[in-house]
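A.B. asks: According to our numbering, the sequence shown is numbered sequentially starting from 45. Structure provided below as structure tokens; questions to follow.
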Amino acid sequence: MTNQEILEKQKKYLWPNHILYYTEPLPLSHGDGLRVWDADGNEYLDFFGGILTTSVGHNHPKVTQAVQEQAGKLIHTSTLYPNAPHVNLAEKLAEITPGRLQTSYFSNSGSEANETAVLLAQIHTGHREIIALRHGYSGRSQLAMSLTAQSAWRVGPSFSPDVKHALNAYCYRCPLKMTYPSCGVACAEDVEDVIRTQTSGRIAAFLAEPIQGVGGFITPPPEYFKIVKEIVERYDGLFIADEVQTGFGRTGDHWFGIAHWGVEPDIMTMAKGIANGFPLSNTITRPEIADSMVGAGLTLSTFGGNPVSTAASLATINVMEEEANPARSADIGAHLRAGLDKLWEKYPLIGEVRGKGLMQGIEVVTDRQTKEPAPNAVVQLFEESKARGLLIGKGGLYGNTVRIAPALTATKDDVDRALEILDLSFAEVHETMNVS
Ligand SMILES: Cc1ncc(COP(=O)(O)O)c(C=O)c1O
45 MTNQEILEKQ KKYLWPNHIL YYTEPLPLSH GDGLRVWDAD GNEYLDFFGG ILTTSVGHNH
105 PKVTQAVQEQ AGKLIHTSTL YPNAPHVNLA EKLAEITPGR LQTSYFSNSG SEANETAVLL
165 AQIHTGHREI IALRHGYSGR SQLAMSLTAQ SAWRVGPSFS PDVKHALNAY CYRCPLKMTY
225 PSCGVACAED VEDVIRTQTS GRIAAFLAEP IQGVGGFITP PPEYFKIVKE IVERYDGLFI
285 ADEVQTGFGR TGDHWFGIAH WGVEPDIMTM AKGIANGFPL SNTITRPEIA DSMVGAGLTL
345 STFGGNPVST AASLATINVM EEEANPARSA DIGAHLRAGL DKLWEKYPLI GEVRGKGLMQ
405 GIEVVTDRQT KEPAPNAVVQ LFEESKARGL LIGKGGLYGN TVRIAPALTA TKDDVDRALE
465 ILDLSFAEVH ETMNVS
């Protein structure tokens, strides 16, 4: 099929609320590593990986082989029957997740993993209320939209009254109009204020992304999560780290992002990069917390822990260990960051570059003094970079943050090519916007 034929059917047969990137949406046909091709045969360098999901590159041969072997053997069991890839993946995740996290419940999406985490925290503590962070994104189920704190992503008329939102650590646009480090990370104390003023005073959990993904790669200062964890413990809550975007070495140096903040979560959720594109998510916790589910009622997941997806995940983690471990992501990420920092020096449109490892964001503004968001500049940057063969992502409450997150197998040459295209594209945007 051609691009045009796919677009016509998309329009006719799919709900119109599907968000599609680019003025002329881009139907993808096939991929190989960091490259993808559209249905008309045009090649692109993929620096967004289907939203940070093709973690070791499109169609990695070792993942494909594992999938083919498993598909030839057994495609489905449901969670009613144990199977080897399911238990082996649980064992592997117990090994690479921090601290005492050891026991897993697999499902199919980040939204489901967060639902499972909140349910577990509520049953374990006997409390209802959850603290989440402003600008956070937790998924598209009703509870996940309630946890989400960006109005555009909160669709529909009803949300859970059990979720309250505290200020996030958005240093570039400090919600308290303070400056780090003289602020003393005052925003972290808002978690306590919210608990004391908007809840019964006892919470089930605090849930946050170590780096807010859809929020625009907002990266809290080093002290932030330790302060919050201490508050959450004082009010009997559990700490849930949503590692859907930050997991699996994405942030460099560690397998999971929260390790950068020296905090051991009670529950962790993961999805996206877990299986290089196969639908799979997980909620992992300590055995004594998981034990609370015994006797709480019946639960199953028809597709949860599907043998093909879990086999894909085991192969993906294996590839990471062999070719793209967290230390390598830190190194390639530092190279990417150095290049983006150079673009910051060159283009006043770039207000801030932030992130960790291979999760780097560029917040685009019309003026560095006023920090007025420039979403239109990002729209143009998208078109310019696509025309030159580079795919990137975007996010942020104001739609003005570029999200750069290539597969962890990206080489320095791939990064240099992407930086070159971004440089040319920013030059065009600058020209159009007449920024001096
Ligand atoms: C941090 C985070 N949590 C949860 C989700 C929801 O995941 P899914 O789209 O797989 O339901 C997302 C999706 O972007 C996410 O970024």
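Ideal Cβ positions, reconstructed from N, Cα and C, are used throughout, including at glycine.
So S153 and A315 are in contact, right, with Cβ under 8 Å, and what is the actual spacing, rounded?
C.D. replies: Sequence index remark: in the sequence shown, residue 153 carries index 109 (1-based). Sequence index remark: in the sequence shown, residue 315 carries index 271 (1-based). Contact flag correct, Cβ pair sits at about 6 Å.
A.B. asks: Considering only heavy atoms of ligand 1, does any lie closer than 7 Å to the CB of R447?
C.D. replies: For the purposes of this step, residue 447 is taken as the residue at position 403 of the sequence shown. The answer is no for R447.
A.B. asks: Taking one C-beta from the segment 346-357 and one from the segment 294-314 each time, how about it: are there three or more such pairs within less than 8 Å?
C.D. replies: Contact between the segment 346-357 and the segment 294-314 is absent, because fewer than three Cβ pairs lie under 8 Å.
A.B. asks: Which residues does DSSP list as the beta-bridge partners of G200?
C.D. replies: By 1-based counting over the sequence shown, the position of residue 200 is 156. Beta-bridge pairing links G200 to no other residue.
A.B. asks: Comparing C-alpha positions only, which one of P264, E236 and L177 sits nearest to D280?
C.D. replies: Residue mapping note: residue 280 aligns to position 236 of the sequence shown, counting from 1. Minimum Cα distance to D280 is reached at E236.
A.B. asks: Excluding the five sequence neighbours on either side, which residues of its own chain have a C-beta within less than 8 Å of the C-beta of P265, listed in chain order?
C.D. replies: Within the sequence shown, numbered from 1, the residue matching residue 265 stands at position 221. The residues are A213, C215, Y224, P225 and V229.
A.B. asks: Tell me, please, which residues DSSP counts as bridged to Y149.
C.D. replies: Residue mapping note: residue 149 aligns to position 105 of the sequence shown, counting from 1. Bridge partners of Y149: T327.
A.B. asks: Can you tell me the Cβ-Cβ gap for S345 and T123, rounded? I've got them flagged as a contact below 8 Å.
C.D. replies: Position 301 of the sequence shown, counting from 1, holds the residue named residue 345. Position 79 of the sequence shown, counting from 1, holds the residue named residue 123. Their Cβ separation, rounded to whole angstroms, is 5 Å, which keeps S345 and T123 in contact under 8 Å.
A.B. asks: Roughly how far, in whole angstroms, is the beta-carbon of V207 from the beta-carbon of A176, given that I think they are within contact range, below 8 Å?
C.D. replies: Within the sequence shown, the letter at position 163 stands for residue 207. Within the sequence shown, the letter at position 132 stands for residue 176. About 6 Å separates the two Cβ atoms, so the contact holds.
A.B. asks: Rounding to the nearest angstrom, what Cα-Cα distance links F261 and M403 in this structure?
C.D. replies: The count along the sequence shown starts at 1 and reaches residue 261 at position 217. The count along the sequence shown starts at 1 and reaches residue 403 at position 359. Cα-Cα distance, rounded: 7 Å.
A.B. asks: Per the contact definition of three or more C-beta pairs closer than 8 Å, is the segment 459-478 in contact with the segment 423-440?
C.D. replies: Contact holds: three or more Cβ-Cβ distances are below 8 Å.
A.B. asks: Is it the case that the CB of N158 approaches a heavy atom of ligand 1 more closely than 7 Å?
C.D. replies: Taking the first residue of the sequence shown as position 1, residue 158 is located at position 114. For ligand 1, at least one heavy atom lies less than 7 Å from the Cβ of N158.
A.B. asks: Go through its chain and collect everything with a Cβ distance to E113's Cβ below 8 Å, but skip five positions before and after it.
C.D. replies: As a position in the sequence shown, residue 113 is number 69, starting the count at 1. A355.
A.B. asks: Report yes or no: is there a C-beta of chain C within less than 8 Å of the C-beta of F347?
C.D. replies: Within the model displayed, chain C is absent; a lone protein chain is all it includes.
A.B. asks: Is I63 near ligand 1, judged by its Cβ being under 7 Å from some heavy atom?
C.D. replies: Looking up residue 63 in the sequence shown gives position 19. No, the beta carbon of I63 sits no closer than 7 Å to any heavy atom of ligand 1.
A.B. asks: At a threshold of 7 Å, does A213 count as lining ligand 1 (C-beta to nearest heavy atom)?
C.D. replies: As a position in the sequence shown, residue 213 is number 169, starting the count at 1. No, since every heavy atom of ligand 1 falls outside the 7 Å radius drawn around the Cβ of A213.
A.B. asks: Pairs of beta-carbons, one from the segment 414-430 and one from the segment 237-246, closer than 8 Å: are there three or more?
C.D. replies: As far as the Cβ criterion goes, the segment 414-430 does not touch the segment 237-246, which means the pair count is below three.
A.B. asks: Identify which residue in Y65, Y88, H62 and E475 has its Cα closest to the Cα of H74.
C.D. replies: The count along the sequence shown starts at 1 and reaches residue 74 at position 30. It is Y88 whose Cα lies nearest to the Cα of H74.
A.B. asks: Please report the distance separating the alpha-carbon of T290 from that of I167.
C.D. replies: The residue you call residue 290 lines up with position 246 of the sequence shown. The residue you call residue 167 lines up with position 123 of the sequence shown. Computed Cα separation, rounded: 26 Å.
A.B. asks: Ligand 1 and V288: does any heavy atom of the ligand fall closer than 7 Å to the residue's C-beta?
C.D. replies: The residue you call residue 288 lines up with position 244 of the sequence shown. Within the cutoff, so yes.
A.B. asks: Could you check whether the segment 361-380 touches the segment 179-193, counting it as contact only if at least three pairs of C-beta atoms, one from each stretch, sit closer than 8 Å?
C.D. replies: The segment 361-380 vs the segment 179-193: no contact.
A.B. asks: Can you check whether the CB of F91 is closer than 8 Å to the CB of N326?
C.D. replies: Locating residue 326 in the sequence shown gives position 282, where the first residue counts as 1. Locating residue 91 in the sequence shown gives position 47, where the first residue counts as 1. Not in contact: N326 and F91 (Cβ atoms no closer than 8 Å).
A.B. asks: Does DSSP put D411 in a helix, in a strand, or in coil?
C.D. replies: For the purposes of this step, residue 411 is taken as residue 367 along the sequence shown, with counting starting at 1. Correct three-state label for D411: coil.
A.B. asks: How about G245: is its Cβ closer than 7 Å to a heavy atom in ligand 1?
C.D. replies: Counted from its first residue, the sequence shown places residue 245 at position 201. No; taking the cut-off as 7 Å, the Cβ of G245 has no heavy atom of ligand 1 nearer than that.
A.B. asks: Suppose you measure from the CA of A421 to the CA of P126; what does that come to, to the nearest Å?
C.D. replies: Start at 1 with the first residue of the sequence shown, and residue 421 comes out as number 377. Start at 1 with the first residue of the sequence shown, and residue 126 comes out as number 82. Distance between the alpha carbons of A421 and P126 is about 51 Å.
A.B. asks: What is the rounded straight-line gap between the Cα of G348 and the Cα of A138?
C.D. replies: Walking along the sequence shown from the start, residue 348 turns up at place 304. Walking along the sequence shown from the start, residue 138 turns up at place 94. When rounded, the distance between both Cα atoms is 18 Å.
A.B. asks: Under the three-state reduction of DSSP, which class applies to P69: helix, strand or coil?
C.D. replies: Within the sequence shown, residue 69 is the residue found at index 25, counting from 1. In the structure shown, P69 sits in coil (DSSP, three-state: anything other than H, G, I, E or B).
A.B. asks: Whose CA, out of T192, S373, A161 and H130, lies closest to the CA of R330?
C.D. replies: Sequence index remark: in the sequence shown, residue 330 carries index 286 (1-based). Ranking the options by Cα distance to R330, first place goes to A161.
A.B. asks: For the beta strand (DSSP E) that contains E34, what are its first and last residues?
C.D. replies: Because the chain here runs from 45 to 480, residue 34 falls outside it and cannot be looked at.
A.B. asks: Bridge partners of A176, per DSSP?
C.D. replies: As a first step, residue 176 must be located in the sequence shown, where it is residue number 132. A176 is bridged to H209.
A.B. asks: Which stretch, first to last residue, makes up the beta strand (DSSP E) that contains L441?
C.D. replies: Walking along the sequence shown from the start, residue 441 turns up at place 397. L441 -> no beta strand (DSSP E), and no H or E assigned at all.
A.B. asks: So what's F250 in DSSP terms, helix, strand or just coil?
C.D. replies: Along the sequence shown, read from residue 1 onward, the residue named residue 250 stands at position 206. In the structure shown, F250 sits in a strand (DSSP, three-state: E or B).
A.B. asks: Quick check: the Cα distance between H209 and I50, rounded to an integer number of angstroms?
C.D. replies: Position 165 of the sequence shown, counted from the start, is the residue given in the question as residue 209. Position 6 of the sequence shown, counted from the start, is the residue given in the question as residue 50. One C-alpha to the other measures close to 41 Å.
A.B. asks: Per DSSP, which one or two residues make a beta bridge with E396?
C.D. replies: Within the sequence shown, the letter at position 352 stands for residue 396. The partner list for E396 (beta bridge, DSSP) reads E407.
A.B. asks: Taking the continuous beta strand (DSSP E) assigned at F269, which residues delimit it?
C.D. replies: The residue labelled residue 269 in the question sits at position 225 within the sequence shown. Careful: F269 lies outside any beta strand (DSSP E), inside the alpha helix (DSSP H) at Y268 to R278.
A.B. asks: W81 bridges to which residues according to DSSP?
C.D. replies: Counted from its first residue, the sequence shown places residue 81 at position 37. According to DSSP, which records beta bridges pairwise, W81 is partnered with H74 and E87.
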